[in-house]
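Undergrad: Each residue of the sequence shown is one higher than the one before, starting from 475 at the first, in the numbering used here. Quick one: structure below, then a few questions.
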Amino acid sequence: MKLIIMRHGQASWSAPSEMERSLTGQGVREVSDTVALLAGQRVDCVFASPYLRAQQTARIVAEAFGLTVETLDELKPEGNPAKVLDALPDSGVVLLASHMPIVSYLTGLLCDGTPKIGPSFPTGMALVLEVDMLAPGMGRVIERILPES
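Listed below in structure tokens is the structure:
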């Protein structure tokens, strides 16, 4: 299977709460750029953190691929990467829209078997992983997609 792990676009700092921070115009452009670069990929389902900026990111992706967004609480910034894996389908192409540090921890868990070590994700970036099975150390990065905006 393929797993596309994407960090939300740039978000505003002015919001009543951390959960309500929305994408800025720059953030929308970053996500749109990444989606354009993903256009050659197949995406079967989209999951997002319940935070507004991740939901907005996921909706941009889902609209481009004719899909809907499923919310997954474990994709919050402080979520548990092992629980994320438990909640995902085990086949197809799955895109996750989430935050630092969970996107880094999830990549570290899948690629190195260690959830506390993983790459940094600039806003709007996506990593495409080939995953033999949803288990520690069973994935490898096959593509890094950075927005041009």
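Using N, Cα and C, we set each Cβ at its ideal position, and we do this for glycine too.
1. Below 8 angstroms, how does it come out for the region 516–531 and the region 559–576: are there three or more Cβ pairs, yes or no?
2. For Leu608, collect the residues of the same chain with a Cβ closer than 7 angstroms to its Cβ; drop the 5 residues on either side in sequence, then sort them by chain order.
3. Looking only at C-alpha atoms, which of Arg503, Thr498, Gly592 and Gln515 sits nearest to Leu477?
4. Check for me: the alpha helix (DSSP H) holding Ser486 runs from which residue to which?
5. The alpha helix (DSSP H) spanning Lys590 covers which residue range?
6. Compare the beta carbon distance of Ser506 and Ser496 with 8 angstroms and say whether it is the shorter of the two.
7. According to DSSP, simplified to helix, strand and coil, what is Val517?
8. So for Met612, helix, strand or coil by DSSP?
9. Grouping DSSP H, G and I as helix and E and B as strand, with all else coil, what is Arg618?
10. Assign Ser523 to one of three DSSP states: helix, strand, or coil.
11. Helix or strand or just coil, what does DSSP make of Met607?
TA: Checking against the coordinates, here is how it stands:
1. yes
2. Looking up residue 608 in the sequence shown gives position 134. Here the set comprises Leu559, Leu562 and Asp564.
3. The residue labelled residue 477 in the question sits at position 3 within the sequence shown. Selected option, being the one with the closest Cα: Gln515.
4. Reading the sequence shown from its first residue, position 12 is the one you call residue 486. Here Ser486 belongs to no alpha helix (DSSP H), and DSSP marks it neither H nor E.
5. For this step, residue 590 is matched to residue 116 along the sequence shown. It is not in any alpha helix (DSSP H) - Lys590 carries neither H nor E in the DSSP assignment.
6. In the sequence shown, residue 506 corresponds to position 32, counting from 1. In the sequence shown, residue 496 corresponds to position 22, counting from 1. The Cβ atoms of Ser506 and Ser496 do not sit closer than 8 angstroms to each other.
7. Here residue 517 refers to the residue found at position 43 when the sequence shown is read from its first residue. Of the three classes helix, strand and coil, the one that applies to Val517 here is coil, per DSSP.
8. The residue given as residue 612 occupies position 138 in the sequence shown. Coil.
9. In the sequence shown, the residue the question calls residue 618 occupies position 144. It is a strand residue.
10. By one-based count along the sequence shown, residue 523 stands at place 49. Reduced to three states, the DSSP call for Ser523 is coil.
11. Position 133 of the sequence shown holds residue 607. Reduced to three states, the DSSP call for Met607 is coil.
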